[in-house]
Amino acid sequence: MTSVEISDDEKMFVLHGVQEDVRVDGRSRMGMRPLKFETELVTHANGSAHLRLANTDVLVGVKAELDLDGIHQDDKCPMEFFVDCSANATPDFEGRGGESLAIELSRILAKAYSDKNVFNYDVLKIDNSFSWLLYVDVLILEVGGNLYDAVSMAVKAALHSTIIPKVTIATVDGGKPELEITDDPKDGLRLQVLNSPILITLSRIGHFCVLDPSPEEEACSSSSLVIGVTPSGRVTTVKKCGPGAFNMDSLCKAMQDGIETGIKIQQVLMDKILSEEKMSNKKAIGFLNK
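Taking the working numbering, the leading residue of the sequence shown gets -15, the next gets one more, and so forth.
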């Protein structure tokens, strides 16, 4: 994560606010900052989403490609994640500063979606002979805290907006089937993400954990717990960040709070995704549209 330099007095002020359950910006310990997003912005991608959580700005594009060689077998996930940390997001990303964070984000997303119970990969198969491969590209435009959660929610919104083109298998010529892909970008199957996970980050400040930490709160945190949570409360991945430690009681409490909060956030996020989908003839407004 990016580092923010704050004084000892500022750290003490943040710590006392967390203890009193009144954070610097007025939120409670389990409060979340404003979130807004829009989908279907990148025209050359099968799905996309632009999400902004306070000052954290993320753009996600999903590209579907046909796997004609059958490289991805049943034991491999036909979805790959690539994260790019823009040097304009924060000075810490200049040069190769964001490379380690990008790799870590890619790994935890791949692990969260590796469970076949959270995403129906069968819809990507074509007549059990061919398969679609999904390449999920994440571009971090600005960092304002709680990057893991923002990226995971943007990925879920982008996957929901992804339409897999309709493919028909023509007559077999010479023993090899001929595939015909529709030219209409809207003629296809929309991916279902009802059971897909999001990441929930709980940062430990003093003896308490806070949800959706700001950069200043991340600077005061000794350690954080990142939990992949599905809408049903299933945990798909867990990762501890930072040099600090959780004792058994605080770990169990953080896991319980993360699961309960994750279920609530999943409901709100899915409602927003579905309302975005139902907006007929909407005019897309975003920095990639003219």
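All residues carry an ideal CB built from backbone N, CA and C; glycine is no exception.
CA-CA distance, Ser115 to Ser32, rounds to 21 Å. Glu64 and Met(-4) have their C-alpha atoms some 42 Å from each other. The shortest C-alpha to C-alpha distance from Thr146 to any of His191, Leu118 and Lys223 is the one to Leu118. Around the beta carbon of Ile165, a 10 Å sphere encloses fewer than 16 other beta carbons of the protein chains shown; the residue is thus reported as exposed. Between the region 122 to 137 and the region 194 to 214 there are three or more C-beta pairs closer than 8 Å, enough to call the two in contact. For Cys193, no alpha helix (DSSP H) segment is defined; the enclosing uninterrupted segment is the beta strand (DSSP E) at Phe192 to Leu195. In the DSSP assignment, Ala48 is bridged to Leu118. Scanning the region 195 to 220 from its first residue to its last, the whole beta strand (DSSP E) runs of 3-plus residues come out as 207 to 213. In the structure shown, the three-state DSSP call for Lys256 is helix. At the C-beta level, Ser180 and Val102 come within 9 Å of one another.
The C-beta of Asp171 has fewer than 16 other C-beta atoms within 10 Å across all chains shown, which makes the residue exposed.
The C-beta separation of Pro227 from Ser208 comes to about 11 Å, leaving the pair out of contact by the 8 Å criterion.
CA-to-CA, the gap between Leu175 and Thr23 works out to about 14 Å. With contact defined as three or more Cβ pairs closer than 8 Å, the region 232 to 247 and the region 182 to 192 are in contact. For His34, the secondary structure class from DSSP, reduced to helix, strand or coil, is strand. In the assembly as shown, Arg7 is a buried residue. Its beta-carbon has 16 or more other beta-carbons within 10 Å.
Spatial neighbours of Val44 in its own chain (CB-CB distance under 6 Å, excluding positions within 5 residues in sequence) are listed in chain order as Ala33, Val122, Ala138, Val139 and Ala142. For Leu186, DSSP records a beta bridge to Leu195 and Leu209. Boundaries of the beta strand (DSSP E) harbouring Met63: Met63 to Cys69, taken from the DSSP string. Closest option to Ser90, judged by alpha-carbon separation, among Glu78, Ile182, Phe66 and Ile211: Phe66.
Distance from the CA of Lys109 to the CA of Met16, rounded to the nearest whole angstrom, comes to 38 Å. Shortest Cα-Cα distance from His144 to any of Leu178, Ser234 and Ser98 involves Leu178. Rounded to the nearest whole angstrom, the CA to CA distance from Arg80 to Thr74 is 12 Å.
For Ile147, the beta-bridge partners assigned by DSSP are Arg174.
DSSP places Phe21 inside the beta strand (DSSP E), whose first and last residues are Leu19 to Thr23. Put simply, the backbone Cα of Pro18 is about 23 Å away from that of Ser70.
Straight across, the Cα-Cα distance linking Asp255 with Met263 is about 13 Å. With a 10 Å radius around the Cβ and a threshold of 16 neighbouring Cβ atoms, Gly10 comes out exposed.
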